[in-house]
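Worksheet: one structure, shown below.
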């Protein structure tokens with residue numbers, strides 16, 4: 594049977610996933626709120642989100658990138674019946690967040706760690722995970738819950754911020770972020786779709802959690818410019834938005850060994866260093 598993947602949400606990560614899936618022989622349809630404004634990769638069909646039921650009924654694979662809303666998962670709310678009626682659906686992937694682990698005071702979490710979300714948006718993500726677990730059981734489909742770190746890539750990196758003069762080198766001793774290059778999200782999602790195995794939690798983070806300031810310093814070095822001045826966190830926080838501050842108030846390091854072994858992959862960008870170099874070499878285009 595022809596493998597048909599629906600990418601529910603052709604946004605920044607969704608476009609990369611769709612392109613990777615096409616390269617591996619999937620027939621791919623992406624959903625978008627505005628098909629006129631969207632720019633899908635070559636070979637990807639577009640359908641308005643509100644009109645996606647027919648594509649979902651024909652899908653063998655479904656990857657959901659859309660964030661949950663106050664009322665729950667928007668894909669299930671709009672298209673739960675179509676998904677339940679999809680006769681050939683055998684794999685579901687859901688892009689969640691490492692935020693479901695909450696603050697671990699800089700400690701490590703792995704794929705078996707019990708979630709303990711501390712932010713309302715992370716609670717909604719965990720609730721969406723649970724909803725998709727139930728759907729997968731009811732459908733008899735495999736399910737991969739991808740807990741994703743901070744996403745960066747072409748057009749969305751410290752390189753652009755340094756060039757634009759808006760990068761901030763915030764220093765908070767002992768604090769680190771786990772991040773992932775957009776193209777490695779695509780790599781892992783398609784690898785998982787090709788190797789389904791029951792229900793899994795998979796970590797989409799690179800091999801080296803790192804302080805934000807160090808990433809800014811590396812971006813400046815690659816561009817041959819001086820890094821912006823260091824700003825102590827306690828000073829910087831006075832000018833942060835509530836959303837930005839919420840990321841800084843949680844501190845955890847996210848492991849990925851189980852994920853890479855399960856999928857049989859190695860990251861294209863194992864750390865921020867390779868990731869920034871790849872973006873620079875590609876011309877920074879998203």
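In the working numbering, the protein residues as written are 594 to 879.
Glycine included, C-beta positions come from ideal geometry on N, C-alpha and C.
Query                                                                                                                                                             : Result
Could you pull out every residue in the same chain whose Cβ sits closer than 6 Å to the Cβ of residue 839, ignoring the five residues on either side in sequence? : 712
Provide the residue(s) that pair with residue 597 in DSSP beta bridges, ordered along the chain.                                                                  : 620
Please report the straight-line C-alpha distance between residue 645 and residue 796, rounded to a whole angstrom.                                                : 28 Å
Is the stretch 770-786 close to the stretch 851-870, with three or more CB pairs under 8 Å?                                                                       : yes
Are there 16 or more other CB atoms within 10 angstroms of the CB of residue 617, so buried, or fewer, so exposed?                                                : exposed
If you draw a straight line from the alpha carbon of residue 786 to that of residue 700, how long is it in whole angstroms?                                       : 30 Å
Thinking C-alpha only, which one of 847, 872, 792, 856 is nearest residue 697?                                                                                    : 847
So, using beta-carbon positions, are residue 639 and residue 679 closer together than 8 Å?                                                                        : no
Residue 865 and residue 744 look like a contact to me (Cβ under 8 Å); what is the Cβ gap, rounded to whole Å?                                                     : Rounded, the Cβ-Cβ distance is 12 Å, inconsistent with contact.
Helix, strand or coil for residue 630, going by three-state DSSP, please let me know.                                                                             : coil
When you compare the CB positions of residue 818 and residue 751, do they come within less than 8 Å of one another, or not?                                       : no
For residue 560, which of helix, strand or coil comes out of DSSP?                                                                                                : For the chain, the structure presents residues 594 to 879; residue 560 sits outside this window and is missing.
Run through the DSSP bridge pairs and tell me what residue 865 is partnered with.                                                                                 : The partner list for residue 865 (beta bridge, DSSP) is empty, contrary to what the question assumes.
Do residue 608 and residue 628 have their C-beta atoms within less than 8 Å of each other?                                                                        : no
Taking the straight line between their C-alpha atoms, what separation do you get for residue 676 and residue 739?                                                 : 19 Å
Please report the straight-line C-alpha distance between residue 708 and residue 691, rounded to a whole angstrom.                                                : 9 Å
Any idea what DSSP makes of residue 689, helix, strand or coil?                                                                                                   : strand
Where does residue 825 fall in DSSP's three states?                                                                                                               : strand
For the beta strand (DSSP E) that contains residue 740, what are its first and last residues?                                                                     : 735-741
By the three-class DSSP mapping on this structure, what secondary structure does residue 712 have?                                                                : coil
Does the distance from the CB of residue 821 to the CB of residue 775 come in under 8 Å?                                                                          : no
Given that a residue counts as buried once 16 or more other Cβ atoms are within 10 Å of its Cβ, and exposed if not, what is residue 843?                          : buried
Look up residue 694 in the DSSP assignment and give the residues it is bridged to.                                                                                : Its beta-bridge partners do not exist; DSSP assigns none.
When burial is assigned at 16 or more other CB atoms within 10 Å of the CB, is residue 662 buried or exposed?                                                     : exposed
Does residue 742 pass the burial test, meaning 16 or more other C-beta atoms within 10 Å, or should it be called exposed?                                         : buried
So, with DSSP's three-state summary, where would you put residue 774?                                                                                             : strand
Taking the CB atoms as reference points, tell me whether residue 655 and residue 599 lie closer together than 8 Å.                                                : yes
Taking just the CA atoms, how far does residue 705 sit from residue 734?                                                                                          : 21 Å
How big is the Cα-Cα spacing for residue 671 and residue 601?                                                                                                     : 11 Å
How is residue 613 classed by DSSP in three states: helix, strand or coil?                                                                                        : helix
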